[in-house]
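Residue numbers (the numbering used here): 586 to 876.
Note that CB positions come from ideal geometry on N, CA and C, so glycine has one too.
Bear in mind that the values here come from a model prediction, so they are computed numbers and not experimental data.
Shown next, in structure tokens, is the structure this report addresses.
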């Protein structure tokens, strides 16, 4: 009977997660459609109107010629060449930009605004990612352990001030979260806004989309041909991404543990069945080792 109850709990929990996941996706799809579809239609109509005005002002061109020119611009953009400006625009493959690109590969951000165009570059990118992604995960894991050690030291240092362990843990985690938010989610967007000419909201949006490894590519630092960036600007941005990812991963792990504890508090049966699973697994290992 207990085994049947355990299976039922597991199935119910799995079914609940599946239902919640796809419900969340459906809600997101509906809201994004409501928010963005009209704006897309307006932008499309505005672009078509601009093309008609352009043809009216430059009668030497006809519709097919303009479409060919638009295709040339799109091709240049897909290859990472900014159509605005001239041939003196900064290179996308200087050391700073290449370092930044390498960081987006191993962190799986992949903005999509820049990619290798040569066959040799594409082949190297594949093998570079195959080796670099596991290396980056190992590095982030080790960096997260170091941050956890420092967080533990902070908690031990605060025990002398606040005798309650739960209060110390909550306060230490809060300080860790607030400090990391300032260093990785507040100050960098301010700097990006100042350098790139974005609003703070756009800078914060870029920071979050980057650190969550979503990487749409609609906002990317150091790509405006009309601005003079310092040579290490994009390299510093790449270093910010690495350390911020480690901090964010630790925060997400803490959030997952908090959710797990909440589930155990609200449904004590989950903890009991989890312990039973561990006992069964350990007994199986003992039997296997004896055999």
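Residue i, buried or exposed, once every other Cβ within 10 Å from all chains shown has been counted against 16
i           : result
residue 601 : exposed
residue 874 : For residue 874, the pLDDT reaches just 42, beneath the cut-off of 50, and the residue's location in the model is therefore unreliable, although a value from the coordinates is still provided. Residue 874 comes out exposed.
residue 826 : buried
residue 870 : Low local confidence applies: a pLDDT of 40 at residue 870 is under 50, so the model's placement there is unreliable, with the coordinate-based value given in what follows. Burial call: exposed.
residue 805 : buried
residue 779 : exposed
residue 630 : exposed
residue 686 : buried
residue 605 : exposed
residue 769 : buried
residue 692 : buried
Residue j beta carbon less than 7 Å from that of residue i
i           : j           : result
residue 681 : residue 816 : yes
residue 796 : residue 829 : yes
residue 831 : residue 729 : yes
residue 800 : residue 688 : no
residue 765 : residue 777 : no
residue 736 : residue 761 : yes
residue 526 : residue 702 : Since the first residue of the chain shown is 586 and the last is 876, residue 526 is not available in this structure.
Rounded separation between residue i and residue j - CA only
i           : j           : result
residue 782 : residue 847 : 43 Å
residue 837 : residue 802 : 23 Å
residue 821 : residue 660 : 29 Å
residue 773 : residue 609 : 30 Å
residue 626 : residue 617 : 14 Å
residue 812 : residue 683 : 18 Å
residue 639 : residue 648 : 10 Å
residue 956 : residue 834 : Residue numbering for the chain in the displayed model covers 586 to 876; residue 956 lies beyond these limits and cannot be assessed.
residue 607 : residue 694 : 24 Å
residue 663 : residue 698 : 7 Å
residue 643 : residue 621 : 33 Å
residue 563 : residue 722 : Nothing can be reported for residue 563: it is not among the residues displayed for the chain, which extend from 586 to 876.
residue 657 : residue 708 : 26 Å
residue 623 : residue 739 : 50 Å
residue 633 : residue 819 : 35 Å
residue 841 : residue 611 : 23 Å
residue 679 : residue 851 : 55 Å
residue 532 : residue 755 : Residue 532 is absent from the model: the chain starts at 586 and stops at 876.
residue 619 : residue 785 : 25 Å
residue 654 : residue 771 : 41 Å
residue 727 : residue 720 : 11 Å
residue 763 : residue 603 : 33 Å
residue 814 : residue 790 : 21 Å
residue 718 : residue 696 : 16 Å
residue 794 : residue 714 : 20 Å
residue 732 : residue 741 : 14 Å
residue 767 : residue 641 : 52 Å
residue 712 : residue 614 : 35 Å
Rounded Cβ spacing between residue i and residue j (contact assumed at less than 8 Å)
i           : j           : result
residue 700 : residue 665 : 7 Å
residue 758 : residue 839 : 6 Å
residue 690 : residue 716 : With a Cβ gap of about 11 Å, residue 690 and residue 716 do not count as contacting.
residue 667 : residue 808 : 7 Å
residue 646 : residue 636 : So it is not a contact: roughly 10 Å between Cβ atoms.
Beta carbon proximity, residue i to chain C, threshold 7 Å
i           : result
residue 683 : The chain inventory of the structure shown lacks chain C, comprising one protein chain alone.
Next item on the list: Would you mind listing the beta strand (DSSP E) stretches within the region 763–812 that are 3+ residues and don't spill past its ends, in chain order?
Entry: List check, beta strand (DSSP E) in window: nothing returned.
Next item on the list: Identify every run of the beta strand (DSSP E) within the region 603–683, keeping only runs that are complete inside it and at least 3 residues long; order them along the chain.
Entry: none
Note to self: Quick check for students: name the residue ranges of the alpha helix (DSSP H) that lie wholly in the region 679–710, counting only runs of 4 or more.
What the structure shows: 680–691
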